[in-house]
Every structure is written in structure tokens, then in C-alpha cells.
Amino acid sequence: KAGVTQTPRYLIKTRGQQVTLSCSPISGHRSVSWYQQTPGQGLQFLFEYFSETQRNKGNFPGRFSGRQFSNSRSEMNVSTLELGDSALYLCASSEQTYEQYFGPGTRLTVT
Amino acid sequence: GIQVEQSPPDLILQEGANSTLRCNFSDSVNNLQWFHQNPWGQLINLFYIPSGTKQNGRLSATTVATERYSLLYISSSQTTDSGVYFCAVQPSGGGADGLTFGKGTHLIIQP
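Chains Z and C, in that order, give the protein sequences. Per our numbering, the very first residue in the first sequence carries number 1; after that it's consecutive. Per our numbering, the very first residue in the second sequence carries number 1001; after that it's consecutive.
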């Protein structure tokens, strides 16, 4: 099976803009989770989608949102970008909410 | 929420040495995973091990759930083992918060 894929791999945006990141899970996996990795805060859970419904949410502001489509592909959106949103965004998929498999990540730089 | 502590934070070894990485967690878990983050940022699954012992080549892991810790053993280290090793857990009771990660152990294997 193909692994988790994420697009784009690299992105540069300006403060105040918005951005949309995409994640395609492993075939057959219905759960998709998103994580943010920064040098200061480490790896933090953003949210999880299962069968097109947000099931869990981490402690992030409302500027961070997501959705999941019927084919389990997921997108996350960050509006009104801030410099502190510069990070590696990782997507993971799983069959339940147990063993998770990660994609290569999207490295976002906000200038 | 659940707390995850990894030790040591940094470890420098010569090629061929053995190492033990530790992960302590503060509550009962239904998911515990060990990852190796490669230089490009991707998290590579090493073990899914909420309890018990597993081995995969030169790597093995043990989780003692009743005492809330897990150990990752690397034997006969190679330079390609260098990188950051993360322990991540989900608390029992539905996996409500996604994976909670430790701060990682930065391993450097010198030739």
C-alpha cells in the first residue's frame, strides 16, 4: 500500500494570508490526525477526523480548521497567518485511533 | 492531560555501542508508539507497543504498562541510527486527545 502523502511539501506565506494543506491517508484508513511541530513546543496534536467528522481537537485557536472528504482525504486550513505558525505540519492516518502512520510533512514558513 | 518524559535528552555514542532510551508516562495508555524522525522530518514507525516486548532486528522495545514506562533498546549502533527518537502515547478511555509526544532523545552515533 502507498503511504500517507502530503502536499505541498514546502510553502512560504506572508503574515495575514491563509493556507490550505492536504493529506491523503493510507488506503482503507478512515482516521486522519494533524500535528504541528515547532522547535519550542515540540509535536502537538491539532485535530482528528474520522468518517468526515471532527472527533477530537487539540488546544489551538479557531484560526486552525480542517475537514475530511468522503474518500478520507483531509485538508487543514490556517487563516490570518502569524509568524508563530511557521512549523512542520504532519498528518497521520490510522485504521482506528491507535497505531498511527505519518506522512512526510509540509514545512510552512510565514514571513 | 497525560505527561510524557523521555530520557536522556541527548546521547552521543560510538558506532557499535548499545543504548537504552526511556519513556515515562503519567497515566494508563492504550497506545504507545516509538518513532525515529529522519533528517527530512518524517516520523518513521519503530514500534506500536502499549504493553509487552517486541523486537525488530537490532531494535527492541519493552513497555511495562503497570509501572508506566517504556524502553527502546538499540544494539550495535550504526551512524544511520542517528536522529531524534520520540515516544508518543494516547491515554486509555478513547484516545480523545490524539498522540501526546515526549520531547525526544537526540541520538548521535559517531563513526
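C-beta atoms are modelled at their ideal positions from N, C-alpha and C, and glycine is treated no differently.
Beta-carbon separation (whole angstroms), I1012 (chain C) vs W1034 (chain C), contact threshold 8 Å:
Here residue 1012 (chain C) corresponds to residue number 12 of the second sequence, with the count starting at 1. Here residue 1034 (chain C) corresponds to residue number 34 of the second sequence, with the count starting at 1. So it is not a contact: roughly 20 Å between Cβ atoms.
Host beta strand (DSSP E) of W1034 (chain C) (start-end):
As a first step, residue 1034 (chain C) must be located in the second sequence, where it is residue number 34. Its beta strand (DSSP E) spans residues 1029 to 1037.
So, with DSSP's three-state summary, where would you put G3 (chain Z)?
Working through the first sequence from its first residue, we reach residue 3 (chain Z) at position 3. Coil.
F1101 (chain C) versus Z:L43, Z:N77, Z:S93, Z:F50, residue with shortest Cα-Cα distance:
Along the second sequence, read from residue 1 onward, the residue named residue 1101 (chain C) stands at position 101. Out of Z:L43, Z:N77, Z:S93, Z:F50, Z:L43 has the C-alpha closest to the C-alpha of F1101 (chain C).
Rounded to whole angstroms, what is the Cα-Cα separation between H1106 (chain C) and P1008 (chain C)?
The sequence position of residue 1106 (chain C) within the second sequence is 106, counting from 1. The sequence position of residue 1008 (chain C) within the second sequence is 8, counting from 1. Rounded to the nearest angstrom, the two C-alpha atoms are 8 Å apart.
Residues that R63 (chain Z) contacts on chain C, provided the C-beta gap is smaller than 8 Å
Stepping through the first sequence from its first residue, residue 63 (chain Z) is reached at position 63. Per Cβ cutoff of 8 Å: no residues; R63 (chain Z) is ~19 Å from chain C at best.
Of the residues that make up the region 20 to 31 of chain Z, which ones have a beta carbon closer than 7 Å to any beta carbon in chain C?
none
Report the neighbours of S93 (chain Z) on chain C: residues whose CB is nearer than 8 Å to its CB, in chain order.
To locate residue 93 (chain Z), count along the first sequence from 1; it is residue 93. Within 8 Å Cβ-Cβ: nothing; S93 (chain Z) doesn't reach chain C, min ~12 Å.
Inter-residue spacing [alpha-carbon to alpha-carbon] between Y10 (chain Z) and L90 (chain Z):
Locating residue 10 (chain Z) in the first sequence gives position 10, where the first residue counts as 1. Locating residue 90 (chain Z) in the first sequence gives position 90, where the first residue counts as 1. Distance between the alpha carbons of Y10 (chain Z) and L90 (chain Z) is about 12 Å.
is_contact[W98 (chain Z), chain C] using C-beta, thresh 8 Å:
As a position in the first sequence, residue 98 (chain Z) is number 98, starting the count at 1. The residue you asked about is not Trp; residue 98 (chain Z) is Tyr in the sequence shown. At least one chain C Cβ lies under 8 Å of Y98 (chain Z).
Using C-beta distances below 6 Å, list every residue in its chain close to S27 (chain Z), excluding the 5 sequence neighbours before and after it, in chain order.
Position 27 of the first sequence, counted from the first residue, corresponds to residue 27 (chain Z). K1, listed in sequence order.
Segments of 3+ residues assigned as beta strand (DSSP E) that fall wholly inside the region 56 to 90 of chain Z
64 to 68, 74 to 78
How should D85 (chain Z) be labelled, buried or exposed, when 16 other C-beta atoms within 10 angstroms of its C-beta is the threshold for buried?
Position 85 of the first sequence, counting from 1, holds the residue named residue 85 (chain Z). When all chains shown are included, D85 (chain Z) counts as buried.
Starting from the Cα of G40 (chain Z), find the closest Cα among Z:T20, Z:R73, Z:T106, Z:A87 and give me that residue.
Position 40 of the first sequence, counted from the start, is the residue given in the question as residue 40 (chain Z). Checking every option, the nearest Cα to that of G40 (chain Z) belongs to Z:A87.
Buried or exposed for P1111 (chain C), going by 16 or more other Cβ atoms inside 10 Å?
Start at 1 with the first residue of the second sequence, and residue 1111 (chain C) comes out as number 111. Burial call: exposed.
Residue interval of the beta strand (DSSP E) (run including L1107 (chain C)):
As a position in the second sequence, residue 1107 (chain C) is number 107, starting the count at 1. Residues 1105 to 1110.
Determine which residues share a DSSP beta bridge with W34 (chain Z) and list them.
Within the first sequence, residue 34 (chain Z) is the residue found at index 34, counting from 1. Answer by DSSP bridge pairing, in chain order: Z:F47, Z:C91.
Whole-number beta carbon distance between K1103 (chain C) and Q1006 (chain C), since they are thought to touch under 8 Å
Sequence index remark: in the second sequence, residue 1006 (chain C) carries index 6 (1-based). Sequence index remark: in the second sequence, residue 1103 (chain C) carries index 103 (1-based). Contact holds; Cβ gap of about 6 Å.
Skipping 5 residues on each side, what residues in its chain have a beta carbon closer than 7 Å to that of F7 (chain Z)?
On the first sequence, position 7 is the one that residue 7 (chain Z) refers to. This sequence places Thr at residue 7 (chain Z); Phe is not what is there. Taken in chain order, the residues that qualify are S22.
Got a sec: is the Cβ-Cβ distance from Q1055 (chain C) to anything in chain Z below 8 Å?
Reading the second sequence from its first residue, position 55 is the one you call residue 1055 (chain C). It does not: the Cβ of Q1055 (chain C) has no partner Cβ on chain Z nearer than 8 Å.
Indicate whether the contact test is met: 3 or more Cβ pairs, each with one atom in the region 27 to 37 of chain Z and one in the region 1061 to 1070 of chain C, closer than 8 Å.
no
Give the single residue among Z:W34, Z:L108, Z:G16 whose Cα lies nearest to the Cα of F60 (chain Z).
Taking the first residue of the first sequence as position 1, residue 60 (chain Z) is located at position 60. The option with the nearest alpha carbon to F60 (chain Z) is Z:W34.
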